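J.: Below is the structure I would like to discuss, written out as structure tokens.
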Amino acid sequence: MVNARLVYQLEKSKCIPLFQSGFRKGRSTLDNIIQLESKIRNAFVRRNHLVSIFFDIEKAYDRTWRYGILRTLFNFGFRGNLPTFIKKFLNLRTFRVRLGGTLSAPFTQAEGVPQGSILSVTLFICHISSILSILSPSIHASLYVDDLQISCEGSDMRMIERQLQTAVNNILKWCDTNGHSISAFVGKSCCVHFCRKRGIHPDPEIRIRDIQIPVVPDVRFLGVIFDRRLTFLPHILQLRKRCEKSLNLLKVLSNTSWGADRSSLLRVYQAIVLSRIDYGCVVYGSACNSTLKKLDPVHHMALRICSGTFRTSPVQSLYVNCHQLPLDLRRRKLSLAFYFKILSVPSHPLQNVYMSTSMKRLYDARPSNIRPFMDRMKLHISELDLPNVRIQQRNLFVFQPWNTPRFHYINPFATYSKSTVAPVVFQRVFAYHRSQYSRYSAIYTDGSKRADYVGCGVVIEDIMHGYRLDTSCSVFTAEAVAIYRALQLIDSNMPRKYCIYTDSMSVLEALENYHDRCHPVESWSQQLDNKLHSVKPVIGAWPVMPMRRTDVFDFWGYWRKRKN
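Counting in UniProt numbering, the sequence shown tops out at residue 564, every number present.
The structure is reproduced here in structure tokens:
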């Protein structure tokens, strides 16, 4: 509860920097990966150097300065009971070590945040994110919790060295003040010189105190290996090796006498192999075709194992038989989905990445250079003839944590089975319900989908309202829109008591189990429902089971005949 309220205030006040992507709604590791890839692509097309340093902060959680956390919250403007609660939460923390069945004496944890607490992650992010404020505008930096990366671009290596050395000194000064330390040994902090120039040019010499940061040809950053020429060949080769080892599990499970069936094998393949291939494909998918094709044999071998086909079976038949896409189409699909996800988050930092006119001309003049992710997706959309796609914006904090939506519905049919109970029983149950809520005006909703038509309807006070939807909408969307339209009609009418009737149990359960990733119509309905509950009484939607079919209009006609 405390963490939800703290995160809400931090996000609403924009206290956390945009380039901190760790443990935030609507953000992921791919945000930092795409930012770095875009910077490198732009440096290549300008024929500049880009030097990036990846830091390893030793025992970041255990060495966090507790007073620094409280001071950061004070600078954010937090006063009153919340800082007092956090202070007591951090103080007097003890731990014990268990070896077998023996426990050690209790030890007091002087610094650091408690391990395993949901509040500890938020407090650590608040504290560590202040490191980004000490860097100059010429340094691009990103954080994923404590994974810090800084980079600088330019044509003069000496200028890059001076800028990065100043940034490293400022980071060291901040670490000394806040109780952290950075490791400069091989395998910890490292530096990569991204460049495609063929001439002789020295690598940068940057030091952490008296230790020079090693310059390596490639580095693993948040699960993706970046090489100095950004070919992603080391990443794909290592990915293929790991996937080939995981295929051994599929070979064991596909035994002809006791093995699993095709659907189970496909689930295992998607969980342990395909998930690895999918991660980071929005970035490494920009590699050349000859490099990307090294992953195709793994995909084909897995499909042959799952379907039990011969080695000589055509690849296209494997895709049809297993209902799987080729990897190139799958990468494009996932990339477009992530692109639309970025556009749906209003405060996403990648939305502000616009290519200037001079950069567009530079890319047009040098077509061999690969464009950044956002620009690649715009080209894909134009190739698919979808230039005017409207994206629904997601408000991740539309409801306050102390005012979360509570949607409830009445279902007296839960104890009856439609296959064993006579229709007359449902009629009597419904008649009894209407007698109990006779003071409530009845509203009936329904949605339907056909091959060439999707629509929904609302019946209120003998007046029928029909709405047509796009043919790509599902039945769930039609049913949800019908309930939303009913709430809108209630809001526009005089204050009365209403009871909404629907036959879609899935929509009612979705409204009851609301979360921030729900259908947009659910969010709108929840907002209207909260508003109406504060203005006029509204009984939650009630599932209808008519005697013939679930068509609300036929059901309404039946009750009109009963009434007359």
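Every residue, glycine too, gets a C-beta built ideally from N, C-alpha and C. This structure is a prediction, so every number in the text was calculated from the model and none was measured.
1. By the DSSP assignment, the alpha helix (DSSP H) with residue 4 in it spans what residues?
2. Can residue 20 and residue 151 be called in contact, C-beta distance under 9 Å?
3. Can you tell me whether residue 68 is helix, strand or coil according to DSSP?
4. For residue 11, which option in 63, 246, 345 and 470 has the closest C-alpha, if you only look at C-alpha atoms?
5. Considering only their Cβ atoms, is the gap separating residue 298 from residue 244 smaller than 9 Å?
6. I'd like the span of the beta strand (DSSP E) that includes residue 501, first residue to last.
7. What's the gap between the Cα of residue 60 and the Cα of residue 220?
8. What separation, rounded to the nearest whole angstrom, lies between the Cα atoms of residue 95 and residue 108?
9. For residue 465, name the three-state secondary structure that DSSP assigns.
10. For residue 212, write down the residues that DSSP places opposite it in a beta bridge.
11. Would residue 70 and residue 83 qualify as a contact pair, given that the criterion is a beta-carbon distance under 9 Å?
12. Taking the straight line between their C-alpha atoms, what separation do you get for residue 238 and residue 164?
13. Any idea if residue 436 is buried or exposed, counting beta-carbon neighbours within 10 angstroms, 16 or more meaning buried?
14. In terms of residues, what are the limits of the beta strand (DSSP E) holding residue 109?
15. Output the distance between the C-alpha atoms of residue 428 and residue 504, rounded to the nearest integer angstrom.
16. If you compare alpha carbons, which of 85, 332 and 418 is closest to residue 292?
17. Nearest to residue 180 by alpha carbon, out of 44, 68, 490 and 397?
18. In the structure shown, what three-state DSSP assignment does residue 141 receive?
19. Mind listing, in chain order, the continuous alpha helix (DSSP H) runs of no fewer than 4 residues lying wholly within the stretch 136-196?
20. Please go through the same chain and pick out, in chain order, the residues whose beta-carbon is closer than 7 Å to the beta-carbon of residue 120, but skip the five residues on each side of it.
21. Residues in its own chain within less than 7 Å of residue 296 by CB, not counting five upstream and five downstream?
22. Using the C-alpha atoms, what's the distance from residue 81 back to residue 400?
23. For residue 228 versus residue 217, is the C-beta distance shorter than 9 Å?
24. Only counting the same chain, and skipping five residues up and downstream in sequence, which positions put a Cβ closer than 6 Å to that of residue 321?
25. What did DSSP end up calling residue 49 once you bin it into helix, strand or coil?
26. Is residue 414 near residue 445, with beta carbons less than 9 Å apart?
27. Determine the direct distance from the alpha carbon of residue 280 to that of residue 43, and round the result to whole angstroms.
28. Quick check on residue 444: does DSSP put it in helix, strand or coil?
29. Under three-state DSSP, which class holds residue 242?
30. Distance, Cα to Cα, residue 3 vs residue 359?
31. State buried or exposed for residue 392, treating a residue as buried only when at least 16 other CB atoms are found within 10 Å of its CB.
32. Using the rule of at least 16 other Cβ atoms within 10 Å of the residue's Cβ for burial, across every protein chain shown, is residue 477 buried or exposed?
33. Report all residues from its chain with a CB closer than 7 Å to the CB of residue 324; omit the five preceding and five following residues, and keep chain order.
34. Quick check on residue 242: buried or exposed, where buried means 16 or more other Cβ atoms within 10 Å of its Cβ?
35. Check this for me: beta carbons of residue 442 and residue 498, under 9 Å apart or not?
36. Can you give me the Cβ contacts of residue 259 inside the same chain, cut-off strictly under 6 Å, excluding the 5 residues immediately before and after it?
T.: According to the data block:
1. Taking the first residue of the sequence shown as position 1, residue 4 is located at position 4. Taken as a continuous stretch (DSSP letters only), the alpha helix (DSSP H) holding residue 4 covers 2-12.
2. Residue mapping note: residue 20 aligns to position 20 of the sequence shown, counting from 1. Residue mapping note: residue 151 aligns to position 151 of the sequence shown, counting from 1. No, Cβ-Cβ distance for residue 20 and residue 151 is not below 9 Å.
3. For the purposes of this step, residue 68 is identified with residue 68 of the sequence shown, where counting begins at 1. It is helical.
4. As a position in the sequence shown, residue 11 is number 11, starting the count at 1. When each option's Cα is compared against that of residue 11, the closest is 345.
5. Working through the sequence shown from its first residue, we reach residue 244 at position 244. Working through the sequence shown from its first residue, we reach residue 298 at position 298. Their beta carbons are under 9 Å apart, which means residue 244 touches residue 298 by this criterion.
6. Counting from 1 along the sequence shown, the entry for residue 501 is found at position 501. Unbroken beta strand (DSSP E) run through residue 501: 498-502.
7. Along the sequence shown, read from residue 1 onward, the residue named residue 60 stands at position 60. Along the sequence shown, read from residue 1 onward, the residue named residue 220 stands at position 220. For residue 60 and residue 220, the distance between alpha carbons rounds to 19 Å.
8. As a working note, residue 95 is residue 95 in the sequence shown. As a working note, residue 108 is residue 108 in the sequence shown. In a straight line, the C-alpha of residue 95 is about 7 Å away from that of residue 108.
9. Numbered from 1 along the sequence shown, position 465 holds the residue referred to as residue 465. For residue 465, the three-state secondary structure derived from DSSP is strand.
10. Taking the first residue of the sequence shown as position 1, residue 212 is located at position 212. 207, per the DSSP bridge assignment.
11. Translated into the one-based positions of the sequence shown, residue 70 becomes position 70. Translated into the one-based positions of the sequence shown, residue 83 becomes position 83. Between residue 70 and residue 83, the gap from beta carbon to beta carbon is short of 9 Å.
12. Along the sequence shown, one-based indexing puts residue 238 at 238. Along the sequence shown, one-based indexing puts residue 164 at 164. Approximately 30 Å, taken between the alpha carbons.
13. On the sequence shown, position 436 is the one that residue 436 refers to. Exposed, by the Cβ-count rule.
14. The residue labelled residue 109 in the question sits at position 109 within the sequence shown. Here the beta strand (DSSP E) through residue 109 covers 107-109.
15. Mapped onto the sequence shown, residue 428 falls at position 428. Mapped onto the sequence shown, residue 504 falls at position 504. Rounded to whole angstroms, residue 428 to residue 504 spans 20 Å at the Cα level.
16. For the purposes of this step, residue 292 is taken as the residue at position 292 of the sequence shown. It is 332.
17. The count along the sequence shown starts at 1 and reaches residue 180 at position 180. Comparing Cα positions, the closest option is 68.
18. Locating residue 141 in the sequence shown gives position 141, counting from the first residue. Correct three-state label for residue 141: strand.
19. 157-178
20. In the sequence shown, counting from the first residue as 1, residue 120 sits at position 120. Cβ within range, chain order: 113 and 114.
21. Counting from 1 along the sequence shown, the entry for residue 296 is found at position 296. Closer than 7 Å at the Cβ level, and outside the excluded window around residue 296, lie 327.
22. Position 400 of the sequence shown, counting from 1, holds the residue named residue 400. Position 81 of the sequence shown, counting from 1, holds the residue named residue 81. Roughly 18 Å separates the two Cα atoms.
23. Sequence index remark: in the sequence shown, residue 228 carries index 228 (1-based). Sequence index remark: in the sequence shown, residue 217 carries index 217 (1-based). Contact: yes.
24. One-based indexing of the sequence shown puts residue 321 at position 321. Within the same chain, residue 321 has close Cβ partners 307.
25. As a position in the sequence shown, residue 49 is number 49, starting the count at 1. Correct three-state label for residue 49: strand.
26. Here residue 414 refers to the residue found at position 414 when the sequence shown is read from its first residue. Here residue 445 refers to the residue found at position 445 when the sequence shown is read from its first residue. No, the pair does not count as a contact, with Cβ atoms beyond the cut-off.
27. Here residue 43 refers to the residue found at position 43 when the sequence shown is read from its first residue. Here residue 280 refers to the residue found at position 280 when the sequence shown is read from its first residue. Cα to Cα, residue 43 sits roughly 21 Å from residue 280.
28. Locating residue 444 in the sequence shown gives position 444, where the first residue counts as 1. Assigned with DSSP and collapsed to three states, residue 444 falls in strand.
29. The sequence position of residue 242 within the sequence shown is 242, counting from 1. Correct three-state label for residue 242: helix.
30. As a first step, residue 3 is located in the sequence shown; it is residue number 3 there, counting from the start. As a first step, residue 359 is located in the sequence shown; it is residue number 359 there, counting from the start. If you draw a straight line from the Cα of residue 3 to the Cα of residue 359, it comes to about 43 Å.
31. What you label residue 392 is simply residue 392 of the sequence shown in a count that begins at 1. Classification of residue 392: exposed, given that the 10 Å Cβ count is below 16.
32. Along the sequence shown, one-based indexing puts residue 477 at 477. So residue 477 counts as buried.
33. As a position in the sequence shown, residue 324 is number 324, starting the count at 1. The residues 303, in chain order, have a CB closer than 7 Å to that of residue 324 in the same chain once the five nearest residues on each side in sequence are set aside.
34. Counting from one through the sequence shown, the residue named residue 242 turns up at place 242. Residue 242 should be labelled exposed.
35. By one-based count along the sequence shown, residue 442 stands at place 442. By one-based count along the sequence shown, residue 498 stands at place 498. Their beta carbons are under 9 Å apart, which means residue 442 touches residue 498 by this criterion.
36. To locate residue 259, count along the sequence shown from 1; it is residue 259. Here the set comprises 253.
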